[in-house]
Amino acid sequence: ELALIDPLTRLANQSFAKEQIQQYLLEMMRHDIKVGLALFKIDNLAAVAERQGSEASEQLQKIAAQTLKCNCRPLDMVARLDNGLFLGLFRNVTTNHLHAACEKLRLLFAKSYYMLGDSLIRGTFSAGGACLKREDTYEIAYQRCLGQLAEVETQGGNRTSIEIRFVAV
414 ELALIDPLTR
424 LANQSFAKEQ
434 IQQYLLEMMR
444 HDIKVGLALF
454 KIDNLAAVAE
464 RQGSEASEQL
474 QKIAAQTLKC
484 NCRPLDMVAR
494 LDNGLFLGLF
504 RNVTTNHLHA
514 ACEKLRLLFA
524 KSYYMLGDSL
534 IRGTFSAGGA
544 CLKREDTYEI
554 AYQRCLGQLA
564 EVETQGGNRT
574 SIEIRFVAV
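Start counting the sequence shown at 414; every next residue gets the next number (the numbering used here).
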């Protein structure tokens with residue numbers, strides 16, 4: 414368990430997430446399932462840590478983890494990849510469903526808060542995602558989502574961007 418679970422949030426860690434994505438990619442080759450991948454990054458987490466300390470930063474990440482975990486379907490998976498960076502793996506979704514799921518999670522996190530002494534601590538997410546393609550690898554899918562996330566961050570954060578694939582007719 415220690416090798417697969419993030420100690421701070423008790424979510425899956427990056428190793429487990431990578432393994433699951435590779436399993437889903439194999440499953441996509443055998444069956445016609447659609448899988449969405451999304452990255453969620455807490456906006457301005459470093460500023461929270463600087464202003465209110467590392468305890469505030471850790472608590473905000475725990476709230477983010479609980480928001481993601483408690484508001485995803487049982488067949489979805491969430492993991493903490495890094496400081497303030499989370500991954501969501503969503504089964505049986507289209508691009509529109511993935512966007513709706515990310516928006517729901519983003520809005521729920523924005524409504525969450527906790528009290529640290531007299532300070533109200535709250536945060537927002539930026540989210541970037543894409544539906545997996547059969548020819549994807551973990552690294553390729555991750556980079557596509559990272560590109561969407563970077564686009565959102567240049568717009569100021571607290572938004573969702575999902576890659577849209579156009580199919581030639």
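Glycine included, each C-beta is placed from N, C-alpha and C at the ideal position.
It should be emphasised that the depicted structure is a prediction, and the values quoted were computed from it without experimental measurement.
So, using beta-carbon positions, are residue i and residue j closer together than 9 Å?
i	j	result
E576	G542	yes
T480	L424	no
L533	Y526	yes
R443	T508	no
L488	L452	no
L545	K447	yes
D419	A478	yes
S574	A523	no
L494	N571	no
Q472	L529	yes
M490	Q556	no
Quick check on this structure: which residue in the options has the alpha carbon closest to the alpha carbon of residue i?
i	options	result
D531	S525, N505 and A469	A469
A554	I455, L438, L421 and G570	L438
V506	M441, Q436, L417 and K431	M441
S464	C485, R535 and T573	Per the sequence presented here, residue 464 reads as Arg, with Ser not at that position. Nearest option by C-alpha distance: R535.
A462	R486, D549 and N496	N496
Hey, residue i and residue j are a contact pair by Cβ (cut 8 Å); roughly how many whole angstroms apart?
i	j	result
L450	C558	6 Å
L421	K475	7 Å
What are the boundary residues of the alpha helix (DSSP H) that includes residue i?
i	result
I553	Y551 to T567
I434	Q427 to R443
The beta strand (DSSP E) spanning residue i covers which residue range?
i	result
G449	V448 to I455
T588	Outside the shown range of the chain, which is 414 to 582, sits residue 588, and nothing can be said about it.
For the segment 459-546, which segments carrying the alpha helix (DSSP H) assignment without a break, of at least 4 residues, lie completely within its bounds, in sequence order?
467-483 and 508-524
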